[in-house]
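Asks: Supplied in structure tokens, the structure appears directly below.
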Amino acid sequence: MPIPPLSPDQTRLLHDGYQAQVRGLLDDAARQYRKILKKVPDHPDVMHLLAMVRARQNRTDEALALYRAAAALKPQDAKLWYNFGLACTAVERNSEGAEAFARALALDPSLAEGIGMLFSARRSVCDWRDDAQLLAAIARAGDPARPEIPPFFTLWLDDPALQLAAARRTVRRRCAGIVPTPLPARARTDGRVRIGYLSADFRNHPTTHLLVRLLEVHDRSKFEITALSIGPNDASPARRRVEASVDRFIDCERDQPAETAARARSLGIDILVDVMGHTNGNRLEIFAARAAPVQVSYLGYPGTSGADFMDYVIADPFVLPLEDARFFSEKVVQLPDTYQPNDPTLAPATRPGRAECGLPDTGFVFCAFNNTRKLDPATFALWLRLLMEVPGSVLWLLAGEDARANLRREAKATGVAPDRLIFAPHRPLPEHLARMALADLFLDTFPYTAHTTASDALRVGLPLVTRTGRSFASKVAGRLMHLAGLGDLITDSPAAYEALALTLARDPERLAAIRGGLEDGAARARLFDIQRYRIQIEAAYLAMMERALAGAAPDHIVLAPPPVEGSGA
Numbered sequence: 330m331p332i333p334p335l336s337p338d339q340t341r342l343l344h345d346g347y348q349a350q351v352r353g354l355l356d357d358a359a360r361q362y363r364k365i366l367k368k369v370p371d372h373p374d375v376m377h378l379l380a381m382v383r384a385r386q387n388r389t390d391e392a393l394a395l396y397r398a399a400a401a402l403k404p405q406d407a408k409l410w411y412n413f414g415l416a417c418t419a420v421e422r423n424s425e426g427a428e429a430f431a432r433a434l435a436l437d438p439s440l441a442e443g444i445g446m447l448f449s450a451r452r453s454v455c456d457w458r459d460d461a462q463l464l465a466a467i468a469r470a471g472d473p474a475r476p477e478i479p480p481f482f483t484l485w486l487d488d489p490a491l492q493l494a495a496a497r498r499t500v501r502r503r504c505a506g507i508v509p510t511p512l513p514a515r516a517r518t519d520g521r522v523r524i525g526y527l528s529a530d531f532r533n534h535p536t537t538h539l540l541v542r543l544l545e546v547h548d549r550s551k552f553e554i555t556a557l558s559i560g561p562n563d564a565s566p567a568r569r570r571v572e573a574s575v576d577r578f579i580d581c582e583r584d585q586p587a588e589t590a591a592r593a594r595s596l597g598i599d600i601l602v603d604v605m606g607h608t609n610g611n612r613l614e615i616f617a618a619r620a621a622p623v624q625v626s627y628l629g630y631p632g633t634s635g636a637d638f639m640d641y642v643i644a645d646p647f648v649l650p651l652e653d654a655r656f657f658s659e660k661v662v663q664l665p666d667t668y669q670p671n672d673p674t675l676a677p678a679t680r681p682g683r684a685e686c687g688l689p690d691t692g693f694v695f696c697a698f699n700n701t702r703k704l705d706p707a708t709f710a711l712w713l714r715l716l717m718e719v720p721g722s723v724l725w726l727l728a729g730e731d732a733r734a735n736l737r738r739e740a741k742a743t744g745v746a747p748d749r750l751i752f753a754p755h756r757p758l759p760e761h762l763a764r765m766a767l768a769d770l771f772l773d774t775f776p777y778t779a780h781t782t783a784s785d786a787l788r789v790g791l792p793l794v795t796r797t798g799r800s801f802a803s804k805v806a807g808r809l810m811h812l813a814g815l816g817d818l819i820t821d822s823p824a825a826y827e828a829l830a831l832t833l834a835r836d837p838e839r840l841a842a843i844r845g846g847l848e849d850g851a852a853r854a855r856l857f858d859i860q861r862y863r864i865q866i867e868a869a870y871l872a873m874m875e876r877a878l879a880g881a882a883p884d885h886i887v888l889a890p891p892p893v894e895g896s897g898a
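Next comes the structure, spelled out in structure tokens:
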């Protein structure tokens with residue numbers, strides 16, 4: 330069907346709407362697009378643009394209806410299908426999103442980022458069709474002759490060299506032409522170092538649950554703390570807690586990157602900390618413009634930015650030994666314990682009974698509460714073998730409806746009764762923590778291991794079996810377990826992982842002893858000692874600042890353990 334032409338007045342409205350959309354003036358953009366559609370209701374390009382605006386305004390049903398109508402009128406538009414997929418996956422309609430991405434790639438196999446998004450959507454619902462082929466495509470992410478893959482998806486391959494190559498490629502494309510603005514002379518202050526934390530996830534989000542207590546306890550005699558929010562305000566208690574925890578909270582969601590960089594410079598931020606990396610909603614362009622004298626990658630992304638404008642990455646000796654620094658564009662800062670902060674004040678709700686959670690009264694409970702995107706067919710097959718070897722056992726998972734159907738089908742095909750898979754609905758974090766304690770053993774994924782989820786398990790005394798590899802993402806759970814005294818539960822191969830999980834499931838006395846050690850709290854003390862952690866990361870910030878003030882280039886920083894213990898909360 331031919332696209333109806335627009336009159337000069339309508340073309341002007343389209344131009345004005347698009348400019349408003351680019352500036353983040355979404356109400357203005359929608360108003361212009363709707364004026365056009367009143368006159369030309371079957372114009373798929375205008376529907377497409379309005380759908381993008383409605384998706385950003387969280388008017389999901391309207392956005393998806395517009396995408397479907399536009400796609401029916403212009404089914405050969407690969408970009409339309411791609412954006413439709415993005416809108417679907419943003420609201421966890423991953424099966425529909427996967428089909429949209431597949432349509433987009435069928436029309437344009439060179440579509441930038443399409444393979445990564447299809448991989449993510451299918452993994453989210455445990456639809457492993459073409460999984461090996463998609464991973465093989467991701468493995469070529471550093472090849473400039475191949476379609477670009479978002480660096481985030483290279484975390485599913487235990488290959489730090491690939492992760493660096495993919496990150497550099499994305500940074501070169503996104504930040505080409507951005508010229509760093511000269512920084513003004515540092516204004517005279519009260520002597521405190523000005524730290525800025527920049528994130529799109531200052532909301533009910535795992536990274537914020539890790540970070541917020543650190544924001545609260547920073548030593549205000551030495552540091553002034555600013556939060557720059559580039560994401561939506563979900564009005565959650567987590568958001569309000571962040572706002573109350575800092576000296577200054579600045580909402581930059583509608584800023585262009587250059588505007589946010591200018592804000593940071595005007596505030597005299599000394600060290601700007603990116604809590605995003607290559608995760609959803611990041612704005613690396615802010616850092617490309619050189620928003621602060623010292624720019625740091627931290628916490629939100631377990632890999633390199635691939636950017637020469639990021640000076641440091643905060644890590645620890647286990648997740649990023651200095652011999653692996655060649656895979657990172659940043660200089661490495663090693664905190665002596667762990668790069669990951671934790672909130673010791675986060676308390677579980679009252680522990681429910683097994684029946685309340687749909688678990689059998691007796692029998693061994695294997696728990697696997699990682700995001701379903703981290704699960705692959707080989708690991709799931711291993712878990713099913715454990716169920717077959719441990720009579721009466723069940724596997725407890727977090728999964729949406731589509732993923733549940735796919736996992737039950739896989740279990741049945743393997744000869745495992747589908748009802749031995751127990752699915753937990755999403756619950757508020759305190760309730761989720763409380764129910765985790767009902768499990769007997771947590772089974773980790775690989776190579777993207779449990780991160781915040783590993784801390785959650787250890788917090789409630791639930792032991793993990795994990796496997797480590799070469800990449801940062803593969804080592805996080807292992808580091809946390811070392812600090813909790815569970816180094817014996819870290820493996821380095823699928824066979825060792827499977828054998829250890831089976832041994833523990835068959836040795837209740839050994840497992841009870843491990844659990845008892847965790848539950849008495851002593852083994853977890855260093856992991857959840859936020860004051861000890863604060864001392865370490867503040868020493869790192871001061872070392873970075875000392876080099877900057879001396880005019881020295883960034884270099885690796887290895888922190889010694891603090892001379893005194895912290896005081897816990």
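Under this note's numbering, think of the first position of the sequence shown as 330, with each following residue one higher.
Just so it is clear, CB atoms sit at the ideal spot from N, CA and C, and this is done for glycine as well.
At which residues does the alpha helix (DSSP H) containing residue 669 begin and terminate?
Replies: In the sequence shown, residue 669 corresponds to position 340, counting from 1. Element bounds for residue 669: n/a, residue is neither H nor E.
Asks: Quick one, are the C-beta atoms of residue 654 and residue 372 less than 9 angstroms apart?
Replies: For the purposes of this step, residue 654 is taken as the residue at position 325 of the sequence shown. For the purposes of this step, residue 372 is taken as the residue at position 43 of the sequence shown. Cβ atoms of residue 654 and residue 372: not closer than 9 angstroms.
Asks: Name the DSSP beta bridge partners of residue 781, please?
Replies: On the sequence shown, position 452 is the one that residue 781 refers to. None, per the DSSP bridge assignment.
Asks: DSSP three-state call for residue 752: helix, strand or coil?
Replies: Locating residue 752 in the sequence shown gives position 423, where the first residue counts as 1. The answer is strand: DSSP assigns residue 752 an E or B state.
Asks: When the Cα of residue 813 is compared with those of 834, 857, 803 and 780, which residue comes out closest?
Replies: The residue given as residue 813 occupies position 484 in the sequence shown. When only C-alpha atoms are compared, the closest one is 857.
Asks: Please return the same chain residues whose Cβ sits closer than 8 angstroms to the Cβ of residue 539, not counting the five positions on each side in sequence.
Replies: Counted from its first residue, the sequence shown places residue 539 at position 210. 628, 669, 670, 671, 672, 781 and 784.
Asks: Helix, strand or coil for residue 831? Go by DSSP, reduced to three states.
Replies: Indexing the sequence shown from 1 puts residue 831 at position 502. If DSSP states are grouped into helix, strand and coil, residue 831 belongs with the helices.
Asks: How many angstroms separate the CA atom of residue 377 from the CA atom of residue 729?
Replies: In the sequence shown, the residue the question calls residue 377 occupies position 48. In the sequence shown, the residue the question calls residue 729 occupies position 400. Taking the straight line from one Cα to the other gives about 28 angstroms.
Asks: Three-state secondary structure (DSSP) at residue 722?
Replies: Position 393 of the sequence shown, counted from the start, is the residue given in the question as residue 722. Correct three-state label for residue 722: coil.
Asks: With DSSP run on the structure shown, which of helix, strand or coil describes residue 882?
Replies: Working through the sequence shown from its first residue, we reach residue 882 at position 553. Residue 882 falls in the coil class under three-state DSSP.
Asks: Evaluate contact between the region 830-839 and the region 868-875, counting only Cβ atoms and requiring at least three cross-stretch pairs below 8 angstroms.
Replies: no
Asks: Okay, do the region 558-568 and the region 525-534 touch, 3+ Cβ pairs below 8 angstroms being the bar?
Replies: yes
Asks: With a cut-off of 8 angstroms on the beta carbons, I'd call residue 736 and residue 750 a contact; round off their distance for me.
Replies: In the sequence shown, the residue the question calls residue 736 occupies position 407. In the sequence shown, the residue the question calls residue 750 occupies position 421. At roughly 6 angstroms, the Cβ-Cβ gap stays under 8 angstroms, so residue 736 and residue 750 are in contact.
Asks: What are the residues that DSSP puts in a beta bridge with residue 696?
Replies: As a working mapping, residue 696 is identified with position 367 in the sequence shown. DSSP lists 725 and 771 as partners of residue 696.
Asks: Does the Cβ-Cβ distance between residue 805 and residue 622 come in under 9 angstroms?
Replies: As a position in the sequence shown, residue 805 is number 476, starting the count at 1. As a position in the sequence shown, residue 622 is number 293, starting the count at 1. No, the pair does not count as a contact, with Cβ atoms beyond the cut-off.
Asks: Express the C-alpha separation of residue 422 and residue 445 in angstroms, rounding to a whole number.
Replies: The count along the sequence shown starts at 1 and reaches residue 445 at position 116. The count along the sequence shown starts at 1 and reaches residue 422 at position 93. Cα to Cα, the separation comes out at about 16 angstroms.
Asks: In the DSSP assignment, what residue or residues form a beta bridge with residue 624?
Replies: The residue labelled residue 624 in the question sits at position 295 within the sequence shown. BP columns for residue 624 point to 601.
Asks: Does residue 630 come out as helix, strand or coil in the three-state DSSP assignment?
Replies: In the sequence shown, the residue the question calls residue 630 occupies position 301. Of the three classes helix, strand and coil, the one that applies to residue 630 here is coil, per DSSP.
Asks: Suppose the cutoff is 7 angstroms on Cβ atoms and the five residues either side in sequence are ignored; what does the same chain contact list for residue 546 look like?
Replies: Within the sequence shown, numbered from 1, the residue matching residue 546 stands at position 217. 859, 860 and 863, listed in sequence order.
Asks: For my contact list, residue 633 and residue 612 are in at a C-beta cut-off of 8 angstroms; report their separation, rounded to the angstrom.
Replies: Translated into the one-based positions of the sequence shown, residue 633 becomes position 304. Translated into the one-based positions of the sequence shown, residue 612 becomes position 283. About 17 angstroms separates the Cβ atoms of residue 633 and residue 612, ruling out a contact at the 8 angstroms cut-off.
Asks: Suppose contacts are defined by Cβ-Cβ distances below 9 angstroms. Is residue 705 in contact with residue 410 by that definition?
Replies: Sequence index remark: in the sequence shown, residue 705 carries index 376 (1-based). Sequence index remark: in the sequence shown, residue 410 carries index 81 (1-based). Taking 9 angstroms as the Cβ cut-off, residue 705 and residue 410 do not qualify as a contacting pair.
Asks: Taking residue 448 as part of the alpha helix (DSSP H), name the residues at either end of that continuous run.
Replies: In the sequence shown, counting from the first residue as 1, residue 448 sits at position 119. 443-453 is the extent of the alpha helix (DSSP H) around residue 448.
Asks: Taking only the alpha-carbon atoms, compute the straight-line gap between residue 602 and residue 624 and give it to the nearest angstrom.
Replies: Here residue 602 refers to the residue found at position 273 when the sequence shown is read from its first residue. Here residue 624 refers to the residue found at position 295 when the sequence shown is read from its first residue. Computed Cα separation, rounded: 6 angstroms.
Asks: With residue 663 as the anchor, note down where its beta strand (DSSP E) starts and where it stops.
Replies: Along the sequence shown, one-based indexing puts residue 663 at 334. Unbroken beta strand (DSSP E) run through residue 663: 660-663.
Asks: Alpha carbons only, please: which of 815, 698, 716 and 712 is nearest the one belonging to residue 758?
Replies: Within the sequence shown, the letter at position 429 stands for residue 758. Checked all of 815, 698, 716 and 712; the closest Cα to residue 758 is 698.
Asks: Which partner residues does residue 394 have in the DSSP bridge list?
Replies: Here residue 394 refers to the residue found at position 65 of the sequence shown. According to DSSP, residue 394 bridges with nothing at all.
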